[in-house]
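Here the sequence shown is numbered in the working numbering, starting from 3 and rising by one per residue.
We put the CB at the ideal spot given by N, CA and C, even for glycine.
What follows is a set of notes on a single structure, which appears directly below.
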Amino acid sequence: MSLPLIIGHRGAAARAPENTLAGLRMAKRLGVSWIEVDVQITRDGCPILIHDARLERTTDGHGLVGDHALAEIAALDAGSRFAREFRGEKVPRLEEAVAVLSELALAAIFELKGPPGRGSETARATLAVLRRLWPARLPIMLSSSDEAALAAVQDEASSIARALIVKTVPADWLERIERLGCAALHAGERALDAATVAKVAARLPLGAYTVNQPERAAELIEWGIAAVFTDYPDVILSAVGHGIGGPAEAGLPGRKIR
Numbered sequence: 003m004s005l006p007l008i009i010g011h012r013g014a015a016a017r018a019p020e021n022t023l024a025g026l027r028m029a030k031r032l033g034v035s036w037i038e039v040d041v042q043i044t045r046d047g048c049p050i051l052i053h054d055a056r057l058e059r060t061t062d063g064h065g066l067v068g069d070h071a072l073a074e075i076a077a078l079d080a081g082s083r084f085a086r087e088f089r090g091e092k093v094p095r096l097e098e099a100v101a102v103l104s105e106l107a108l109a110a111i112f113e114l115k116g117p118p119g120r121g122s123e124t125a126r127a128t129l130a131v132l133r134r135l136w137p138a139r140l141p142i143m144l145s146s147s148d149e150a151a152l153a154a155v156q157d158e159a160s161s162i163a164r165a166l167i168v169k170t171v172p173a174d175w176l177e178r179i180e181r182l183g184c185a186a187l188h189a190g191e192r193a194l195d196a197a198t199v200a201k202v203a204a205r206l207p208l209g210a211y212t213v214n215q216p217e218r219a220a221e222l223i224e225w226g227i228a229a230v231f232t233d234y235p236d237v238i239l240s241a242v243g244h245g246i247g248g249p250a251e252a253g254l255p256g257r258k259i260r
């Protein structure tokens with residue numbers, strides 16, 4: 003699968019609340035053609051967009067995502083902690099996100115983030131929605147650091163491209179990729195160097211997360227990275243288009259994402 007060079011991380015996570023419909027629309031306005039979002043399942047098995055295992059950082063809720071039913075999570079505010087103008091933004095169901103992505107013609111990478119022991123269940127719930135609703139005209143990829151989730155996708159929908167997520171590229175990366183039938187490897191940018199990028203890129207596309215500095219993006223691109231995931235797609239797109247410096251300096255307003 004051919005990935006674009008710049009992918010909006012959790013939508014456009016420094017410009018709008020992450021993993022929300024507002025974030026998807028913001029990413030489109032900022033010029034990306036692909037976004038990455040996170041999928042977890044509720045206590046009653048509904049796939050929703052949220053990154054953390056807990057609710058506190060991005061919503062006005064408390065406790066573990068997997069301990070709450072969909073109706074409880076649907077009542078939460080997922081916008082106010084980002085900025086007042088996003089008050090009332092909700093944690094979207096995967097169905098809602100797919101509808102907006104189709105409307106915006108945005109391709110997507112869905113990161114499967116099931117809690118321990120629920121990776122396969124998360125994958126199956128996600129696939130059930132995508133089979134019904136994902137538009138055939140748009141590319142799609144499923145990614146995860148949970149090998150059980152990736153194995154479930156491989157068993158049930160092997161035609162969907164998959165990516166293994168790692169913090170640092172391990173010695174057995176190729177063995178794991180081949181066993182899971184993955185089309186790409188996504189690695190934390192902080193541990194990447196030129197030799198590692200060259201080694202992986204010789205075999206398959208390597209994506210780097212999360213790249214928020216134009217100078218670092220330029221370095222990774224020079225080394226041969228296939229894609230960078232960024233909270234600031236406007237800044238990085240400008241940097242790639244204009245060269246580093248000038249309008250691409252990173253000191254634009256926004257939120258630091260962790």
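Quiz prompt | glycine 81 vs threonine 22 beta-carbon contact at 8 Å | solution = For the pair glycine 81 and threonine 22, the CB atoms are nearer than the 8 Å cut-off.
Quiz item: What whole-angstrom Cβ distance do isoleucine 227 and alanine 210 have, given they're in contact under 8 Å?
Solution: 5 Å
Exercise. Please list the segments of the alpha helix (DSSP H) lying wholly inside the segment 202 to 249, counting only runs of 4 or more residues, in order along the chain.
Key: 216 to 225, 235 to 244
Quiz item: Using 8 Å as the threshold, is the segment 50 to 63 in touch with the segment 202 to 216, meaning 3 or more CB pairs across them?
Solution: no
Quiz prompt | Reference valine 93; option with closest CA among Ala200, Pro6, Ala173, Ala76 | solution = Ala76
Quiz item: Of the choices Met3, Phe84, Arg27, whose alpha-carbon is the least far from that of glycine 10?
Solution: Arg27
Quiz prompt | Cβ separation of serine 145 and arginine 126, assumed to be a contact under 8 Å, to the nearest whole Å | solution = No, serine 145 and arginine 126 are not in contact; Cβ-Cβ is about 16 Å, not under 8 Å.
Quiz item: So what does DSSP say about phenylalanine 112, is it helix, strand or coil?
Solution: strand
Practice problem: Measuring alpha carbon to alpha carbon, tell me which of Ala220, Leu114, Arg218, Glu224 ends up nearest alanine 203. | Solution: Residue Glu224 is the option with its Cα nearest to alanine 203.
Quiz item: Is arginine 120 closer than 8 Å to isoleucine 167 when the C-beta atoms are compared?
Solution: Going by C-beta atoms, isoleucine 167 is not nearer than 8 Å to arginine 120.
Quiz item: Quick one: what's got a C-beta closer than 7 Å to tryptophan 136's C-beta in the same chain, skipping five residues either side?
Solution: Val100, Ile142
Self-check item: Cβ separation of leucine 208 and alanine 189, assumed to be a contact under 8 Å, to the nearest whole Å
Solution: 6 Å
Exercise. To the nearest angstrom, report how far apart leucine 103 and valine 131 are at their CA atoms.
Key: 14 Å
Self-check item: Helix, strand or coil at methionine 28 according to DSSP, with G and I counted as helix
Solution: helix
Quiz prompt | Residue from Lys115, Ile50, Glu87, Lys30 whose Cα sits closest to the Cα of glutamate 74 | solution = Ile50
Practice problem: Thinking lysine 30 and leucine 96 are a contact (beta carbons under 8 Å), I'd like their distance in whole angstroms, please. | Solution: Contact doesn't hold; Cβ gap of about 18 Å is too wide.
Quiz item: Excluding five sequence neighbours on each side, which residues of the same chain lie with their C-beta closer than 8 Å to the C-beta of alanine 193?
Solution: Lys169, Thr170, Val171
Quiz prompt | Continuous beta strand (DSSP E) assignments of at least 3 residues falling wholly in the segment 102 to 190 | solution = 109 to 114, 142 to 146, 163 to 168, 186 to 190
Self-check item: Chain-order list of residues whose beta-carbon lies under 8 Å from that of arginine 83 (same chain, five-residue window excluded)
Solution: Pro19, Arg59, Thr60, Thr61, Asp62
Quiz item: Taking all protein chains shown into account, do 16 or more other C-beta atoms lie within 10 angstroms of the C-beta of arginine 218, making it buried, or fewer, making it exposed?
Solution: buried
Quiz item: Just reading off the alpha helix (DSSP H) that leucine 51 is part of, what are its end residues?
Solution: Element bounds for leucine 51: not the alpha helix (DSSP H) but the beta strand (DSSP E), 49 to 51.
Quiz item: Are the beta-carbon atoms belonging to alanine 109 and tryptophan 36 less than 8 Å from one another?
Solution: A contact, by the Cβ cut-off of 8 Å.
Quiz item: Near serine 122, what residues of its chain come up, given a Cβ to Cβ distance below 7 Å and the 5 sequence neighbours on each side ignored?
Solution: Ala150, Ala151, Ala154
Quiz item: Exposed or buried, what is serine 161 when buried is set at 16 or more other beta-carbons lying within 10 Å of its beta-carbon?
Solution: exposed
Exercise. Tell me whether arginine 95 sits in a helix, a strand or coil according to DSSP, three-state version.
Key: strand
Quiz item: Does the beta-carbon of arginine 12 have 16 or more other beta-carbons within 10 angstroms, so that it is buried, or is it exposed?
Solution: buried
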